[in-house]
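Residue numbers (my numbering), protein chains in the order written: chain C, 102 to 449; chain H, -3 to 491.
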């Protein structure tokens, strides 16, 4: 066979590499296996989300998208019960929060729940500060087309996610082919945690350990952790003024996509403000930066000053979660009194 | 002891494959295309510093200090005004390098064992181990000793710094001798570069990447839970114990040979021939032969700078055997500050000493040849090596004991061992035991016991830069890149 010149050989190898990597992106896989592969956080939340949306016939009237503040901070069972008491209507709420921040993750899950369950109301978490970063686990859960079409500008993970995509696709393809997913081959109703999985009292970590949230901190402890958190909070703008428009571009991009997806699916859209201990409300400057026009359900207030309601500086404890869930149910009933359908309320 | 690992720039990571390596090659060849040959060598040096700084900026300062100190001491060791001055400079350098490695690598181990012996307490310092410290300090010790003996030293700081920090060999070897790189860097700076080496470099690199990502890492993922269970005190079933022992034997083979291939391939891509460090060691008929095939540059270092200085064979056969034993024991300790490494080193020390004793006092056994004899010798050698690897891998002596006692147990496997693991291990064993190795295929290794590639080109009869070879290279690179979305560190990066 004819030999290639050194440069031609290197060029041919690189072209071959690029072609094969591109082809790998097209490999199919079982999406349930994809959600099981997400093990970069402390809980196996993604598995449950997929099971809730695709294997559980229970409808979703209200979809909650957020971070760990929401994951352990809102009990869907309390919200459903209290909402029903207030309105006489039975609703089904799905807490689809995943630890860590990054609006692209909220978009992935919004898309998923809108397609699978057509919720009437989609609610996204809002905090007193907004991250400029994408979610680290986006590459685990996003559809290939969403990874490819992610905004490249002001997206610190774009290149990394793009490079990892062929590997993810190939790995999931092999897992699907060999039927060797991370957790289970098929949905197991016995292992499923049910539609109202509640992580407000305790949380099962990925290593099997269970961590209680039913703990009370001293005021002194809360002051210390709060001061530590406060010291790490960056100002609204880190970039110089001419670049301010770019600073939250990434978050805006995905928040608009979520809003648009909700509108296309005839779903209402709102935000929920989940506070941190002694943190101020989101400022008008921040909501302006994020171009937020949808209603905000505000769960701030007295709870932010009560150390007995907090697990750490940014997460409520079990008592805080109960209070937060009750307040959320009341506000939900006040603002959206016609969700779900008349029916029997969940048993106390 | 902690190690800077995980988030660094391993050769199989994206940041290395997609960003660092292409940037280095483009920069290097762009400069050479403009005739800036000296600048291209300087560029390699700066790239090596960036490579190291990516792991730890603080440790780069340590590396720079080590380079500067040894460069000056080397000059004094070679050309000092008196012999006493030269000897002092050499001694200061050797002691300084050993102190550095002792401080970062062994202080906690020594302190806690001393405390246990004297019934006192030792507060662990938990010093972060600078990557590659065992390699770059050993290289510089050899350099200082050679400067003292030969009266020659490296005059160009750039060449010296590159000799120590050249990124393909900086983290995990091979331990390079100054004499092999000095003429190469000088020639590179003057314009000489055989471009024919570029495709061979890429092919060898791709083979190494495939070994690491397609064989070593998948085996590691399957057997790590077994060693973790052993460390936790759980009983290990026979199947799991055998999988753990065979698996690690193959994992470390393909991990280290993969790394060595990648280092050699990277060197060739920029026109540098690194020494051969790995030559099908599991084909060895004896432990002596094994150490001439496994980590060859370390064996040579230990021979030249430990075994000979402590007496070598100068005081008769008994002292020779004692010196061999001590040298191998030091070799074991070099791998890590833990009793498991010392036991591993002691096993190899005993085996190699016994092997030399047999040659001395039972030469007929050594000369015994033929298919049956060779097969038996290979099998026995491999069996000892495999048993010793258990100590090397296990987290503690009790964990090693749990795996070894599990080999003869009858318990039910409590850790799932998939058929795919056994198939992969069978395939890997076939490659390790019966196939020609990648350097032989590429023509880099021409003579059976060679420690360096041919000086003038190495055009393989088997592997040529054809379109088919380019396609095969692309496939191997693709496999490596696909698996690299969750990269794993190389075993020898820990030393």
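Think of the CB as a built atom: it goes at the ideal place given N, C-alpha and C, for glycine as much as any other residue.
(request) Would you kindly check if the distance between the Cβ of residue 421 of chain H and the Cβ of residue 222 of chain H is under 7 Å? (result) Taking the first residue of the second chain as 1, we reach residue 222 of chain H at position 226. Taking the first residue of the second chain as 1, we reach residue 421 of chain H at position 425. In this structure, residue 421 of chain H does not lie closer than 7 Å to residue 222 of chain H by Cβ.
(request) Would you mind reading off the limits of the beta strand (DSSP E) that contains residue 225 of chain C? (result) For this step, residue 225 of chain C is matched to residue 124 along the first chain. Unbroken beta strand (DSSP E) run through residue 225 of chain C: 222 to 227.
(message) Taking the beta strand (DSSP E) that residue 196 of chain C belongs to, which residues open and close that run?
(response) As a first step, residue 196 of chain C is located in the first chain; it is residue number 95 there, counting from the start. It spans 194 to 196 - the beta strand (DSSP E) in which residue 196 of chain C sits, taken as one unbroken run.
(message) For residue 401 of chain H and residue 363 of chain H, I'd like the C-alpha separation in whole angstroms.
(response) The count along the second chain starts at 1 and reaches residue 401 of chain H at position 405. The count along the second chain starts at 1 and reaches residue 363 of chain H at position 367. Taking the straight line joining both Cα atoms gives about 35 Å.
(message) Any beta carbon of chain A sitting closer than 7 Å to that of residue 126 of chain H?
(response) Reference to chain A is not applicable here, since the protein chains of this structure are C and H.
(request) List the DSSP bridge partners of residue 191 of chain C. (result) Here the question's residue 191 of chain C lines up with position 90 in the first chain. C:442.
(request) Run the CB neighbour count on residue 367 of chain C, radius 10 Å, all protein chains shown included, and call it buried at 16 or more, exposed below. (result) Along the first chain, one-based indexing puts residue 367 of chain C at 266. Looking at its Cβ environment, which holds fewer than 16 other Cβ atoms inside 10 Å, residue 367 of chain C is exposed.
(message) Taking 7 Å as the threshold (beta carbon to beta carbon), is residue 164 of chain H in contact with chain C?
(response) If you number the second chain from 1, residue 164 of chain H lands on position 168. Chain C, which has no Cβ nearer than 7 Å to the Cβ of residue 164 of chain H, makes this no.
(request) Using 6 Å as the cut-off, classify the Cβ of residue 197 of chain H as near or not near the heavy atoms of the ligand MN, replying yes or no. (result) This structure lacks the ligand MN; in fact it carries no ligand of any kind.
(message) What does DSSP give as the partner residue(s) for residue 311 of chain C in the beta ladder?
(response) Working through the first chain from its first residue, we reach residue 311 of chain C at position 210. For residue 311 of chain C, which the question treats as bridged, DSSP gives the partners C:305.
(request) Within its chain, find whatever has a CB closer than 7 Å to the CB of residue 33 of chain H; leave out the 5 residues flanking it on each side and keep chain order. (result) In the second chain, counting from the first residue as 1, residue 33 of chain H sits at position 37. Excluding positions up to five away in sequence, the list reads 184, 185, 186, 187.
(request) Go ahead and pull the three-state DSSP assignment for residue 284 of chain C. (result) The count along the first chain starts at 1 and reaches residue 284 of chain C at position 183. If DSSP states are grouped into helix, strand and coil, residue 284 of chain C belongs with coil.
(request) Show which residues of chain C have a CB atom less than 8 Å away from the CB atom of residue 150 of chain H. (result) Position 154 of the second chain, counted from the start, is the residue given in the question as residue 150 of chain H. Here the premise fails: no neighbours, minimum Cβ distance about 30 Å.
(message) Measuring CB atoms only, is the region 255 to 264 of chain H touching the region 162 to 178 of chain H, in the sense that at least three cross pairs come out at less than 8 Å?
(response) yes
(request) List the residues of chain C that residue 471 of chain H touches, going by C-beta distances under 8 Å, in chain order. (result) Mapped onto the second chain, residue 471 of chain H falls at position 475. 117, 121, listed in chain order.
(request) Check whether the Cβ of residue 102 of chain C lies closer than 7 Å to any Cβ atom in chain H. (result) Translated into positions along the first chain, residue 102 of chain C becomes position 1. By this cut-off, residue 102 of chain C is an interface position.
(message) Quick check on residue -2 of chain H: buried or exposed, where buried means 16 or more other Cβ atoms within 10 Å of its Cβ?
(response) Within the second chain, residue -2 of chain H is the residue found at index 2, counting from 1. The pLDDT assigned to residue -2 of chain H is 38, lower than 50, so where the model puts this residue is not dependable; a value taken from the coordinates is nonetheless given after this. Classification of residue -2 of chain H: exposed, given that the 10 Å Cβ count is below 16.
(message) When you compare the CB of residue 306 of chain C with every CB in chain H, is at least one pair closer than 7 Å?
(response) For this step, residue 306 of chain C is matched to residue 205 along the first chain. Not one chain H Cβ lies under 7 Å of residue 306 of chain C.
(request) Measure the C-alpha to C-alpha separation of residue 459 of chain C and residue 215 of chain C and round it to an integer number of angstroms. (result) In the structure displayed, chain C extends from 102 to 449; residue 459 of chain C sits before or after that span and is not available.
(message) Which residues in chain C have a C-beta closer than 7 Å to the C-beta of residue 479 of chain H? List them in chain order.
(response) Taking the first residue of the second chain as position 1, residue 479 of chain H is located at position 483. Chain C residues near residue 479 of chain H: 268.
(request) Report the rounded CA-to-CA distance for residue 384 of chain H versus residue 205 of chain H, giving the unit in angstroms. (result) Looking up residue 384 of chain H in the second chain gives position 388. Looking up residue 205 of chain H in the second chain gives position 209. So the two alpha carbons sit approximately 26 Å from each other.
(request) Answer yes or no: does any C-beta atom of chain C fall closer than 7 Å to that of residue 14 of chain H? (result) The residue labelled residue 14 of chain H in the question sits at position 18 within the second chain. For residue 14 of chain H, the answer is yes, since a Cβ of chain C falls inside 7 Å of its Cβ.
(message) With distance defined between alpha-carbon atoms, name the residue in H:398, H:480, H:28, H:353 nearest to residue 233 of chain H.
(response) Position 237 of the second chain, counted from the first residue, corresponds to residue 233 of chain H. Considering only alpha carbons, the answer is H:398.
(request) For residue 165 of chain C, I'd like the list of residues in its chain whose CB is within less than 7 Å of its CB, leaving aside the five on either flank, ordered along the chain. (result) The count along the first chain starts at 1 and reaches residue 165 of chain C at position 64. Excluding sequence neighbours, residue 165 of chain C sits near 171, 175, 194, 195, 196, 197, 198, 224.
(request) Would you mind telling me which residues of chain C sit closer than 7 Å to residue 192 of chain H, beta carbon to beta carbon, in chain order? (result) Taking the first residue of the second chain as 1, we reach residue 192 of chain H at position 196. Going along chain C in sequence order, the residues near residue 192 of chain H (Cβ under 7 Å) are 107.
(request) Taking 8 Å as the threshold, find out whether the region 92 to 106 of chain H comes into contact with the region 332 to 339 of chain H through three or more Cβ pairs. (result) yes
(message) Rounded to whole angstroms, what is the Cα-Cα separation between residue 447 of chain C and residue 326 of chain C?
(response) Locating residue 447 of chain C in the first chain gives position 346, counting from the first residue. Locating residue 326 of chain C in the first chain gives position 225, counting from the first residue. If you take the alpha carbons of residue 447 of chain C and residue 326 of chain C, they lie about 37 Å apart.
(message) The alpha helix (DSSP H) that contains residue 363 of chain C, what's its start and end?
(response) Looking up residue 363 of chain C in the first chain gives position 262. Start and end: 350 to 365.
(request) Would you kindly report the start and end of the unbroken alpha helix (DSSP H) that includes residue 155 of chain H? (result) The count along the second chain starts at 1 and reaches residue 155 of chain H at position 159. First-last of the alpha helix (DSSP H) with residue 155 of chain H: 153 to 161.
(request) Give the secondary structure of residue 163 of chain C by DSSP, where H, G and I count as helix, E and B as strand, and everything else as coil. (result) On the first chain, position 62 is the one that residue 163 of chain C refers to. Note: residue 163 of chain C maps to strand in three-state DSSP.
(request) Please name the residue in H:320, H:317, H:306, H:331 whose C-alpha comes closest to that of residue 98 of chain H. (result) Within the second chain, the letter at position 102 stands for residue 98 of chain H. Ranking H:320, H:317, H:306, H:331 by Cα distance to residue 98 of chain H puts H:331 first.
(request) Closer than 6 Å by C-beta to residue 43 of chain H: which residues in its own chain qualify, once you throw out the five before and the five after it? Chain order, please. (result) For the purposes of this step, residue 43 of chain H is taken as the residue at position 47 of the second chain. For residue 43 of chain H, where only same-chain residues beyond five positions count, the Cβ hits under 6 Å are 20.
(request) Using a threshold of 7 Å, state whether the C-beta atoms of residue 391 of chain C and residue 442 of chain C are closer than that. (result) Counting from 1 along the first chain, the entry for residue 391 of chain C is found at position 290. Counting from 1 along the first chain, the entry for residue 442 of chain C is found at position 341. Cβ distance not < 7 Å, so residue 391 of chain C and residue 442 of chain C don't count as in contact.
(message) Here's the rule I'm using: 16 or more other beta-carbon atoms within 10 Å means buried, otherwise exposed. How should residue 403 of chain C be labelled?
(response) Position 302 of the first chain, counted from the first residue, corresponds to residue 403 of chain C. Residue 403 of chain C should be labelled exposed.
(message) Output needed in chain order: residues of the region 454 to 468 of chain H with a Cβ under 7 Å from some Cβ in chain C.
(response) 460, 461, 462, 463, 464, 466, 467
(request) Determine which residues of the region 254 to 273 of chain H have a Cβ less than 8 Å from any Cβ of chain C, and write them out in chain order. (result) none
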